[in-house]
């Protein structure tokens, strides 16, 4: 086995957080005095990228960094107690994680969501025992860049990039993997559009959670056959 380590994104990969995230964004925009509040379905693009960046776009060119920070603070007012749990685990995720463990792989959560929230979500869904370690951003914005966070996980865990694979639903996940010399399995059931995923060029695609273990095994076989792996660290 070559791909011993599996890095998992959270939002749009393990669970569907759209109700909580989008409702909290609407709440924050109202508190900021915005006249136009987008409908929830118009905010799906905010699931994945760093929250501060999304608010900079939503608030418009006239908004500065302080405005984005205030919007994030308002967002967290609701998210910490309500939005956090307006979330639904994708069907088949526990079974997929268990299958990966049976294959002898170590699993890691790698999310741009603040780790204080990510830990609560993982515990809420009773997934903690599947993961070797949980990694996320800090409340001050540190490690919201997925590529930098991924590099930090590799460093802290002492993992050679070529022995790990990233599983995620957005181009940010695919880019984070490739920027760090890792292959990536993109899931098509999350919030990345077909065009977004195709343009980001993942190494494999899983259409359902049940497809993830098979996609990783197939990718591993392909890499072995092509002798493209250097497992030295």
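Residue numbers (this note's numbering): 104 to 336. Don't be surprised by glycine CBs; every beta carbon is placed ideally from N, CA and C.
Nearest candidate by alpha-carbon position, reference residue i, set the options
i, options, result
"residue 204", "179, 312, 109", "109"
"residue 284", "264, 292, 142", "264"
"residue 178", "134, 251, 238", "134"
"residue 212", "206, 235, 314, 105", "235"
"residue 148", "138, 136, 128, 165", "128"
"residue 137", "226, 152, 165, 208", "165"
"residue 208", "292, 244, 323, 282", "323"
"residue 287", "180, 308, 226, 299", "308"
"residue 172", "314, 297, 155", "155"
"residue 206", "297, 321, 328", "321"
Identity of the residues DSSP links to residue i by a beta bridge
i, result
"residue 239", "Partner(s): none; residue 239 has no beta bridge."
"residue 227", "According to DSSP, which records beta bridges pairwise, residue 227 is partnered with nothing at all."
"residue 308", "289"
"residue 120", "Per DSSP, none; premise fails for residue 120."
"residue 209", "108"
"residue 269", "110, 287"
"residue 191", "119"
"residue 217", "240"
Close-in-space but distant-in-sequence residues of the same chain around residue i (CB under 8 Å, 5 per side omitted)
i, result
"residue 118", "190, 191, 192, 193, 196, 224, 228"
"residue 334", "Because residue 334 carries a pLDDT of 49, less than 50, the predicted location of this residue cannot be relied on, and the following value inherits that uncertainty. 105, 263, 265, 266, listed in sequence order."
"residue 175", "131, 154, 155, 158"
Close Cβ partners of residue i (< 7 Å) along its chain, the five nearest in sequence each way excluded
i, result
"residue 150", "114, 115, 120, 121, 124, 294"
"residue 336", "Because residue 336 sits at a pLDDT of 47, beneath the cut-off of 50, its placement in the model cannot be relied upon, and the point is left open."
"residue 140", "129, 132, 133"
"residue 281", "287"
"residue 332", "Its pLDDT being 49, under 50, residue 332 is placed unreliably in this model, and the value from its coordinates should be taken loosely. Only 105, 265, 326 meet the Cβ criterion."
"residue 275", "151, 152, 249"
"residue 159", "166, 171"
Whole-angstrom C-beta distance between residue j and residue i, which should lie under 8 Å
i, j, result
"residue 250", "residue 279", "4 Å"
"residue 182", "residue 210", "With a Cβ gap of about 25 Å, residue 182 and residue 210 do not count as contacting."
"residue 256", "residue 238", "5 Å"
Residues near residue i in its chain [Cβ-Cβ closer than 6 Å; skip 5 each side]
i, result
"residue 246", "240, 252"
"residue 202", "316"
"residue 271", "112, 116"
"residue 273", "151, 295"
"residue 291", "308, 310"
Beta-carbon gap between residue i and residue j smaller than 8 Å
i, j, result
"residue 170", "residue 162", "yes"
"residue 132", "residue 319", "no"
"residue 312", "residue 199", "yes"
"residue 126", "residue 143", "yes"
"residue 289", "residue 277", "yes"
"residue 215", "residue 153", "yes"
"residue 187", "residue 217", "no"
Short CB-CB distance (under 8 Å) between residue i and chain C
i, result
"residue 240", "Looking at the structure shown, chain C is missing, and only one protein chain is on hand."
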